[in-house]
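Asker: Right, I'll just put the structure down here and ask away after.
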Amino acid sequence: MGNDNNNVCPESCCMGDEILCIGIPCPIDIVLLGIELQLELPCVRLSSQGDLTEAQVQRLLGVLQRILGALGNLGTTAASGGE
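Read the sequence shown against numbering that gives the first Met the number 0 and you will find it ends at 82, with the numbers running on by one and no gaps.
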């Protein structure tokens, strides 16, 4: 596995003014059930067309905390055999 592009990746797509931006400019090698896969996910971006109210910001933070918490628990759930 691996790519033959001399490990040179383009710059991230994040501009700095997004609500959330995850830039993964290089492909990620994954082996799932013995199958070699390559995930290409250059940018996940969440932005707003206008100014957010304080209530909207708090709702977004709550959702993001739950998502990040769930992602953090994936490893512990898998290690314990699931629920």
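Where a beta carbon is used, it is the ideal one built from N, C-alpha and C, also for glycine. Since this is a predicted model, take the numbers as computed values, not measurements.
1. Skipping 5 residues on each side, what residues in its chain have a beta carbon closer than 6 Å to that of R90?
2. When DSSP labels each residue in this structure, what does G71 get in the three-state scheme?
3. Along the chain, where does the beta strand (DSSP E) containing V30 start, and where does it finish?
4. What distance in whole Å lies between the Cβ atoms of C12 and P41, which are believed to be in contact at a cut-off of 8 Å?
5. One question on the structure: do P26 and L38 come within less than 8 Å of each other, judged by their Cβ atoms?
Answerer: Per the coordinate set shown:
1. Look at the range of the chain in this structure, 0 to 82, and you will see that residue 90 is not part of it.
2. helix
3. 27-31
4. 6 Å
5. yes
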